Every structure is written in C-alpha cells, then in structure tokens.
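Residue numbers (this note's numbering), protein chains in the order written: chain D, 378 to 779; chain F, 18 to 267.
Written as structure tokens, this is what we have:
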C-alpha cells in the first residue's frame, strides 16, 4: 500500500514537471507563430487607408501604381504621367481641401451637399488629374477611374529609406532607418562596453584580492538589476545634456547617448560572463606560466585571455543581444527620428523603441499595426542569430579542449 | 656555500601552521627527495623555493630561504627573475594549449628573447635533453595535447630546461604516469643532476631511494629527519622515519 502510494506520488510529480515543460515550450511556440502570422500579414496589404481612394481621369492608361510612385507624385517629384508609363500629360494634383478654389459656395451647396458632384466634375474636366479623397464622396455616376495601389513588397519594406507609417495618401514602410538605427546604437554600445567590461573582468579575476572582489562583484551584479527605465532617466538627465554640451549640438538626444546608456547596461553581462571564463582558467596553466618567469601581465594576456576567449566572445555577443532588444532606455535618450544616421551624433530611432512608441496609436489589424509586428519579426530574427552565434562559439570551445 | 638554505622556516595558511621551524641545506648538483604522508607539508615547502605560494591569499612566512646565498623573500628580489632561475615541474603534466614547439619556446619568449635562430636551437636542445626528440621531431607544429601523459611531462621538463635554470623543483612529477614513463623520468632526473640542483617531492619511497642523494622526511609540518638517502633508508635515526619507510603508516 505504502509503496503504491509512493509510486503514485512520483508519477504525479513527474507528470507535473512534464506538463510545465510542455506548457512553456508551447507558449514560446505560440508567441513566435503569433508574431510571424501578424507580421507577415503586412505584405498582403495595400499601404492605403481602406476608406480612401486614389482616382484618375477615365482615359488615363495607368491603372496601378507602386506606393513609392504615389508618394513621389504627391511630393511633386514626378510631374508627368509618362514618367510612370502613361501618356505625355502633366500631372494635376487634386486635394479635397482645395475644392473651394474651383467651385463657388453655391455650386458646392449647403453643407457641401454637392461635393461628390463637384469632385466628379473636376476629374472629368482634367485629363492629368490624380485625386485622393474619402470613398463616401464617390457618387453613383462617377466618371473617373479608381487607381489601384501595389501591395507592400518585402524588398521595399526592407530597403525603403522612409518610415512614415501614417503618411497620406500612402504609408511609407521602409524599415532601413530603423534597422540601421538599432545597429548603430548597438555597435556604439559594444565599442564602449567591451573594452571597459574586459578591463573590469581582468581586474576582478586576476588582480583584485578577494576582499575587493567580494565588494565589487555584487555591486556589478546589482547593475544588472536596475530597471531599464531608471537607466533611461539617468541618461536623459545626465548623459544627454553632457553630450549636447560636449559636442555643441542642437539636441543631445543622439545615437551616442543611446550607446552610452546601453553600454552601461551591457556591462554586467560582459563582466560576469568573461570573469567567469577567466576564473575557469586552470590554475595549473597559470602556475606553469608564472613558474617559467612570466610576469603576471604576460600570464594574463598569453594564457588567461586566450583560454577564456570563447567566454569573452559569448559575453560580448550576449551584451549586444541585450543592447539590441532594449526598449525603454533607448526610447528615452535617442531622439527617435527615423532617419538614416550618418554619425553617432544624430538622433536615431531603433526597432524596439518604434514598436513601443507606435503600437498604442496604430489601429488594430491595420497596415501600420502589422508593419510593427513585422518589425518585431526582424528583431526576433536578429536576436535569434545572436543566440545561435553564442551557441556556436561556446560549442567550439568544448570541442577544442579535447 | 650551500645551493639552497632554509633557516627556521614557519609557514601559515591563515591561522593554520603548515610548516614548523624547518632548517636544512641542499648542495649543488644533488637530487634531494622530500617524502612523507599526504598533507605533511612537503609540497608547500617545495613551492616556497620559487615563491609559488605567493599566489595564495592570506599566507605568511617566517624565517629565511637563501638560494646562492641570497634571501629570495627579501624586498629587493624580483620574483620573475627568481622563477627563471628556479624552474618547476608539476604533479600533472600541464602543457599550454599550443604547439609542442611553442610550449618549449614560451619561457624564452616571455623573457624577451626574439632571436628566432636562438629560440629554435634552444628548443631543440631542450627537447633532446629530455630524450623526447625522436618522438616529436616530426610533429613540432602539432598540439602538445596530442602527446601521451608521459611525453607531456617530459615536454614540461624540457619547457623548464629551456630557460636554463640552476634549480629544478619537481612536485610528484610521476604520480600521474605509468611505470614505463616513470622509469624514463627517473632516468632523466639522474642525468640532469650533472647540470642542475634538483628537489623532488614524491610519494613513492622506492623512487626516492633510487634517484636521490639526500632525503628529507616530513611529518605533520615538521622535518623529522634529513640525511643521506642511504642512511635514511638503511639506518634511520628516528622511529617515525623507520615506521614510514617500512610502510607501517603513511
């Protein structure tokens, strides 16, 4: 009886453990599937508001334009239909706000009752017209032609230079500035954090005596526990003004400020992991070096650092990983301008900051909403690659030891 | 003048006294064996000669150790220079994860030797001295880890010889090796005596009897007896020495 009970107990606990394992894996899988199904949806959509139409003259040969062509037309960079494959005809932009320039108040009627007739009339009379207005102004006997807009293409999404997800008439979904912004900030962060972290790790593992180490190590680990919004606050109040004064800039919210804050945030990861790797250097190896008359420093750079190289690499990559995914602190200090940065002293906008800042105002299920999910996918892929790299580096280490 | 002289040495790990009032002197070009049961302090004592115990926090030394008449714990002594003069071979073979050639060249390189030809000659010469040349001459560029345990240990000895020390400390150099490799190393120690002063810590009493000229017996941090090896093994003055070498304890 008793053994039966014990057996049942063990089975029960085993079942519980298996269940939690399964639930966790399924959750992760669910999140990934959700992210990608939402994110990839953006490539099935047109970057134009569902309630609006682009219309042209009925005799215009063009029936379809790409998002960037539409944008260029409305920016007046394309001025003739032949540039987009049509007849030699000057493009006339028609905006609904300008309607009173062409028709009198009487013609428009009370409360713009005749607005749809006026629009129709205007389009019929101008062969080169392109108009953007709400679907509700299309009258039953509309004589113009409704222009189709291409779906968002993956290549345009990835290589587009402009991120204006709420732009009219067509949203501009180019994520290049955001990807570059993320990479710039992360690169700067690692350039700051790696030398500093390495130096601290060497000091802690090889030079500091145990008393100092016992004070410093918990302090550094505490650094990892500070909420990122506090780092952002610190960056905003101290680092941003400092950079502004130091480089005499109009604004201090720059990629550099983000790099400094992220560098500080990545430090504990880099220090802890590389210090652990260095402390794992076999004592016999260090003693062998010292016994041959090598100085402490020679032993550090000829024995300790080569031995812990893969650990240091792993620490650095994980540090970058943290920097790339970091949202709050970066949102607060980088200025969030979606432009392609040319120096570290310009404002940039990173992927996580974009998602955090814009998701709240993007209509659920819309193009903008899905584009943000696609950004999330890109971020996920970047961090996945980083984690695989760490795996690869640490695996290589275990192989080379035998 | 004695090659190594130890005067009233006390050594502490924290508050624990590991060595008690040890005085002895070692002559030039001899092999001295330090024997005794585990934890008797013989390895700790050996590691005082090249200041390897400096690496351990919270230790304290009293008394003096002189090599060639110079106090090696004096403030004016440069530890790196001392270790160049006093080489060490450890219990387990501990080659660096480098090529066979680079392992032996390491000591020269860290001491600032850059002359390629000189390094090459010295490396070859050292490997020949430990009778390893025929076994490794075709794979100098291969990793030292490809060698067997006994070969690795001989490589470690060659590594120590390459910087031409005058004293070689050996901390149970054969305890991790098979009998054939052990015999080769013992033979080597015997040959090296002509050029170097050797101090060897060993658990193996037959080994001490075979290769050493003088033997010191340590017990509980004290030097019980220090004499000619033949006297220790045939006619020990102390009963504890007698008991240990006849295998009654230890």
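Cβ coordinates follow ideal geometry from the N, Cα and C atoms, glycine included. All values reported here derive from a predicted model rather than from experimental measurement.
Cutoff 8 Å; reference residue i; Cβ partners in own chain excluding five residues on either side
{"i": "residue 166(F)", "result": "110, 193, 194, 195 and 198"}
{"i": "residue 387(D)", "result": "none"}
{"i": "residue 456(D)", "result": "467 and 468"}
{"i": "residue 68(F)", "result": "89, 90, 96, 99 and 100"}
{"i": "residue 557(D)", "result": "717, 718 and 725"}
{"i": "residue 531(D)", "result": "420"}
{"i": "residue 34(F)", "result": "27, 28 and 238"}
According to DSSP, residues forming a beta bridge with residue i
{"i": "residue 738(D)", "result": "Note: residue 738(D) sits in no beta bridge, so no partner."}
{"i": "residue 34(F)", "result": "29(F)"}
{"i": "residue 437(D)", "result": "DSSP output for residue 437(D) lists no bridge partner at all."}
{"i": "residue 240(F)", "result": "235(F)"}
{"i": "residue 245(F)", "result": "231(F)"}
{"i": "residue 447(D)", "result": "Paired residues: none, contrary to the question."}
{"i": "residue 712(D)", "result": "725(D)"}
{"i": "residue 429(D)", "result": "511(D)"}
{"i": "residue 467(D)", "result": "457(D)"}
{"i": "residue 522(D)", "result": "433(D)"}
{"i": "residue 81(F)", "result": "24(F)"}
{"i": "residue 50(F)", "result": "217(F) and 232(F)"}
Anticipated Cβ contact below 8 Å, residue i with residue j, distance rounded
{"i": "residue 679(D)", "j": "residue 127(F)", "result": "7 Å"}
{"i": "residue 269(F)", "j": "residue 80(F)", "result": "Since the first residue of chain F shown is 18 and the last is 267, residue 269(F) is not available in this structure."}
{"i": "residue 118(F)", "j": "residue 140(F)", "result": "6 Å"}
{"i": "residue 609(D)", "j": "residue 705(D)", "result": "5 Å"}
{"i": "residue 602(D)", "j": "residue 638(D)", "result": "Not quite, the Cβ-Cβ distance comes to about 16 Å (not below 8 Å), so this is no contact."}
Chain D contact for residue i (CB, 8 Å cutoff)
{"i": "residue 171(F)", "result": "no"}
{"i": "residue 113(F)", "result": "yes"}
{"i": "residue 236(F)", "result": "no"}
{"i": "residue 124(F)", "result": "yes"}
{"i": "residue 180(F)", "result": "yes"}
{"i": "residue 85(F)", "result": "no"}
{"i": "residue 128(F)", "result": "yes"}
{"i": "residue 176(F)", "result": "yes"}
{"i": "residue 28(F)", "result": "no"}
{"i": "residue 104(F)", "result": "yes"}
{"i": "residue 118(F)", "result": "no"}
{"i": "residue 100(F)", "result": "yes"}
{"i": "residue 142(F)", "result": "no"}
{"i": "residue 69(F)", "result": "yes"}
{"i": "residue 88(F)", "result": "no"}
{"i": "residue 107(F)", "result": "yes"}
{"i": "residue 97(F)", "result": "yes"}
{"i": "residue 230(F)", "result": "no"}
Cβ-based neighbour list, residue i, same chain, cut-off 7 Å, excluding 5 preceding and 5 following
{"i": "residue 689(D)", "result": "575, 651 and 654"}
{"i": "residue 41(F)", "result": "23, 233, 240 and 243"}
{"i": "residue 779(D)", "result": "Reliability of the predicted coordinates at residue 779(D) is poor, the pLDDT of 41 falling under 50, and no value is obtained from them."}
{"i": "residue 802(D)", "result": "Given that chain D is displayed from residue 378 to residue 779, the structure contains no residue 802(D) and the question cannot be resolved."}
{"i": "residue 570(D)", "result": "640, 643, 644, 647 and 696"}
{"i": "residue 754(D)", "result": "412, 413 and 416"}
{"i": "residue 760(D)", "result": "698, 701 and 702"}
{"i": "residue 486(D)", "result": "none"}
{"i": "residue 177(F)", "result": "104, 105, 106 and 185"}
{"i": "residue 615(D)", "result": "none"}
{"i": "residue 629(D)", "result": "617, 618, 620 and 621"}
{"i": "residue 175(F)", "result": "121, 143, 144, 146, 147 and 149"}
Closer than 8 Å to chain F by CB, residue i
{"i": "residue 734(D)", "result": "no"}
{"i": "residue 662(D)", "result": "yes"}
{"i": "residue 670(D)", "result": "yes"}
{"i": "residue 680(D)", "result": "yes"}
{"i": "residue 605(D)", "result": "no"}
{"i": "residue 593(D)", "result": "no"}
{"i": "residue 763(D)", "result": "no"}
{"i": "residue 667(D)", "result": "yes"}
{"i": "residue 657(D)", "result": "no"}
{"i": "residue 587(D)", "result": "yes"}
Cβ neighbours of residue i in the same chain (closer than 6 Å, five flanking residues each side left out)
{"i": "residue 43(F)", "result": "20, 21 and 49"}
{"i": "residue 107(F)", "result": "188"}
{"i": "residue 465(D)", "result": "459"}
Quick one: any contact between the segment 670-678 of chain D and the segment 723-734 of chain D, if contact means 3 or more CB pairs under 8 Å? no
Is the segment 445-457 of chain D close to the segment 468-476 of chain D, with three or more CB pairs under 8 Å? yes
The segment 197-214 of chain F touching the segment 167-174 of chain F, judged by at least three CB pairs closer than 8 Å: yes
Any contact between the segment 478-486 of chain D and the segment 559-566 of chain D? By contact I mean 3 or more CB pairs, one from each, below 8 Å. no
Within 8 Å, do at least three Cβ pairs link the segment 205-216 of chain F to the segment 173-187 of chain F? yes
Three or more C-beta pairs under 8 Å: does that hold for the segment 243-259 of chain F against the segment 60-77 of chain F? no
I'd like to know if the segment 519-536 of chain D and the segment 425-432 of chain D are in contact, where contact means that at least 3 CB-CB pairs between them fall below 8 Å. yes
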